[in-house]
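Enquirer: Numbering (the working numbering), first residue to last: 1 to 282.
Quick reminder that beta carbons are idealized off the backbone N, C-alpha and C, glycines included.
1) Does the distance from the C-beta atom of residue 290 to that of residue 116 stay below 8 Å?
2) Taking DSSP as the reference, what is the three-state secondary structure of residue 259?
3) Measure the C-alpha to C-alpha separation of residue 224 and residue 272 and round it to an integer number of angstroms.
4) Within 8 Å, do at least three Cβ pairs link the region 220–239 to the region 104–118?
5) Does residue 150 pass the burial test, meaning 16 or more other C-beta atoms within 10 Å, or should it be called exposed?
6) Please confirm whether residue 246 and residue 211 have their CB atoms less than 8 Å apart.
7) Closest to residue 141 by C-alpha separation, out of 258, 90, 238 and 220, would be which residue?
8) Taking just the CA atoms, how far does residue 102 sit from residue 265?
9) Is the distance from the Cβ of residue 201 to the Cβ of residue 242 below 8 Å?
10) Kindly confirm or deny that the region 35–44 and the region 87–97 touch, where touching means at least three C-beta pairs closer than 8 Å.
11) As a quick exercise: from 29, 41 and 97, pick the residue whose alpha carbon is nearest that of residue 77.
12) Excluding five sequence neighbours on each side, which residues of the same chain lie with their C-beta closer than 8 Å to the C-beta of residue 58?
13) Measuring only the C-alpha atoms, how far is residue 282 from residue 177?
14) Does residue 11 come out as helix, strand or coil in the three-state DSSP assignment?
15) Between which two residues does the beta strand (DSSP E) holding residue 62 run?
16) Should residue 161 be labelled buried (16 or more other beta-carbon atoms within 10 Å of its own) or exposed?
17) What residues match up with residue 99 in a beta bridge as DSSP calls it?
18) Name the DSSP beta bridge partners of residue 27, please?
19) Am I right that residue 30 and residue 13 are in contact with their C-beta atoms under 8 Å? What's the rounded C-beta distance?
20) Which residues does DSSP list as the beta-bridge partners of residue 5?
21) Since residue 164 contacts residue 206 with CB under 8 Å, what's their CB separation in whole angstroms?
22) Do you know offhand how far residue 191's Cα is from residue 9's?
23) Given a cut-off of 8 Å on the beta-carbon distance, is the pair residue 46 and residue 82 in contact?
24) Could you have a look at residue 142 and say whether DSSP puts it in helix, strand or coil?
25) From what residue to what residue does the beta strand (DSSP E) around residue 127 run?
26) For the region 203–275, list the beta strand (DSSP E) runs that are entirely contained and at least 3 residues long, ordered along the chain.
27) Ends of the alpha helix (DSSP H) at residue 163?
28) Less than 8 Å separating the beta-carbons of residue 226 and residue 157?
29) State the CB to CB distance for the pair residue 143 and residue 239, rounded to an integer number of angstroms; the pair is presumed to be in contact (CB under 8 Å).
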């Protein structure tokens, strides 16, 4: 039996094909099933999936950002058309992918901390409750975009040293006016804000208060409301991995157990599906 597993984002898709004891990982450009029509999705899949691989596939498990409802069905049909033979295709959300990657079949609270953020109550099979992330303007606490937003607020409102502001502008080549332009007038402000995470990480000691406030707020608004403080928490995403130490400290302050932090979910997803290999069942 050959299975194909994907962690799909808008920028990049990580694929792993598993055939017996053999595994091969490759990458393709990202796909946005919310914004793109089925024909565009199929075009991107055909260009990114090697024919010699998909011709042998029995099951496809695709976990992706935005893969809910109609968008998930659009992605599923596109995958069926591209694979081109009788194959099982499951398309699920990136949040369920995160949950299966960190918890397998055990209960827990699964989180994503990347450019955006999300969390969900996981019963070992499905996400049973989800607090709306609300995006980087209204929510996304703990995310790269939110960290970048609150870092700039602290930087230009004098809550961080003047020397740090000068270093930031020198290193990035950005002035105050250019920052305002990138946030309010240019597209993809969330990605611009998230791009500042590298600078914050480099100066994490000086930015300690910003990070503590950010992660405390994430916990208070996205973890505690589930009312399941006894459950372990798992985090997937580049921002979570970058600030793993600060997150462990924040969860400890709240008396919670942060069990696992993964930069990417694909390895955990492969483990999850390999354990079920033998029949194509989830």
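Expert: For this structure:
1) Coverage of the chain is limited to positions 1 through 282, which leaves residue 290 absent and any answer about it impossible.
2) Taking the chain shown and counting its residues from 1, the one referred to as residue 259 is at position 259. Strand at residue 259.
3) Numbered from 1 along the chain shown, position 224 holds the residue referred to as residue 224. Numbered from 1 along the chain shown, position 272 holds the residue referred to as residue 272. Answer to the nearest angstrom: the Cα atoms are 27 Å apart.
4) Below 8 Å, enough C-beta pairs join the region 104–118 and the region 220–239 to call them touching: three or more.
5) Taking the chain shown and counting its residues from 1, the one referred to as residue 150 is at position 150. It is buried - the Cβ of residue 150 has at least 16 other Cβ atoms within 10 Å.
6) Residue mapping note: residue 246 aligns to position 246 of the chain shown, counting from 1. Residue mapping note: residue 211 aligns to position 211 of the chain shown, counting from 1. Closer than 8 Å, so yes.
7) By 1-based counting over the chain shown, the position of residue 141 is 141. Measuring from the Cα of residue 141, the nearest candidate turns out to be 220.
8) On the chain shown, residue 265 is found 265 positions in, with the first residue counted as 1. On the chain shown, residue 102 is found 102 positions in, with the first residue counted as 1. Approximately 8 Å between the Cα atoms of the pair.
9) Residue numbering aside, residue 201 sits at position 201 when the chain shown is read from its first letter. Residue numbering aside, residue 242 sits at position 242 when the chain shown is read from its first letter. Yes. Within cutoff.
10) no
11) The count along the chain shown starts at 1 and reaches residue 77 at position 77. Residue 77 has its Cα closest to that of 41, out of 29, 41 and 97.
12) As a first step, residue 58 is located in the chain shown; it is residue number 58 there, counting from the start. The answer, listed in chain order, is 1, 2, 3, 87, 88 and 280.
13) Position 282 of the chain shown, counted from the start, is the residue given in the question as residue 282. Position 177 of the chain shown, counted from the start, is the residue given in the question as residue 177. Residue confidence for residue 282 is low, a pLDDT of 43 falling below 50, so the modelled location carries little weight; the figure read from the coordinates is stated next. Just so you know, the alpha carbons of residue 282 and residue 177 end up roughly 51 Å apart.
14) Sequence index remark: in the chain shown, residue 11 carries index 11 (1-based). Of the three classes helix, strand and coil, the one that applies to residue 11 here is coil, per DSSP.
15) For the purposes of this step, residue 62 is identified with residue 62 of the chain shown, where counting begins at 1. In this chain, the beta strand (DSSP E) harbouring residue 62 covers 59–64.
16) As a working mapping, residue 161 is identified with position 161 in the chain shown. Classification for residue 161: exposed.
17) Numbered from its first residue, the chain shown carries residue 99 at position 99. DSSP lists no partner for residue 99.
18) On the chain shown, residue 27 is found 27 positions in, with the first residue counted as 1. Answer is 14.
19) Counting from one through the chain shown, the residue named residue 30 turns up at place 30. Counting from one through the chain shown, the residue named residue 13 turns up at place 13. Confirmed, about 6 Å.
20) Reading the chain shown from its first residue, position 5 is the one you call residue 5. Residue 5 is bridged to 16 and 61.
21) For the purposes of this step, residue 164 is identified with residue 164 of the chain shown, where counting begins at 1. For the purposes of this step, residue 206 is identified with residue 206 of the chain shown, where counting begins at 1. That pair is a contact at about 6 Å.
22) Residue 191 sits at position 191 when you count from the first residue of the chain shown. Residue 9 sits at position 9 when you count from the first residue of the chain shown. Distance between the alpha carbons of residue 191 and residue 9: 13 Å.
23) Within the chain shown, numbered from 1, the residue matching residue 46 stands at position 46. Within the chain shown, numbered from 1, the residue matching residue 82 stands at position 82. Yes, Cβ-Cβ distance for residue 46 and residue 82 is below 8 Å.
24) Translated into the one-based positions of the chain shown, residue 142 becomes position 142. DSSP places residue 142 in coil when its eight states are reduced to three.
25) Working through the chain shown from its first residue, we reach residue 127 at position 127. Unbroken beta strand (DSSP E) run through residue 127: 127–130.
26) The beta strand (DSSP E) runs lying completely inside the region 203–275 and spanning 3 residues or more are 233–236 and 258–262, given in chain order.
27) The residue labelled residue 163 in the question sits at position 163 within the chain shown. 162–172 is the extent of the alpha helix (DSSP H) around residue 163.
28) Here residue 226 corresponds to residue number 226 of the chain shown, with the count starting at 1. Here residue 157 corresponds to residue number 157 of the chain shown, with the count starting at 1. No, the Cβ-Cβ distance between residue 226 and residue 157 is not below 8 Å.
29) Residue 143 sits at position 143 when you count from the first residue of the chain shown. Residue 239 sits at position 239 when you count from the first residue of the chain shown. That belief holds up - the Cβ atoms of residue 143 and residue 239 are roughly 6 Å apart, short of 8 Å.
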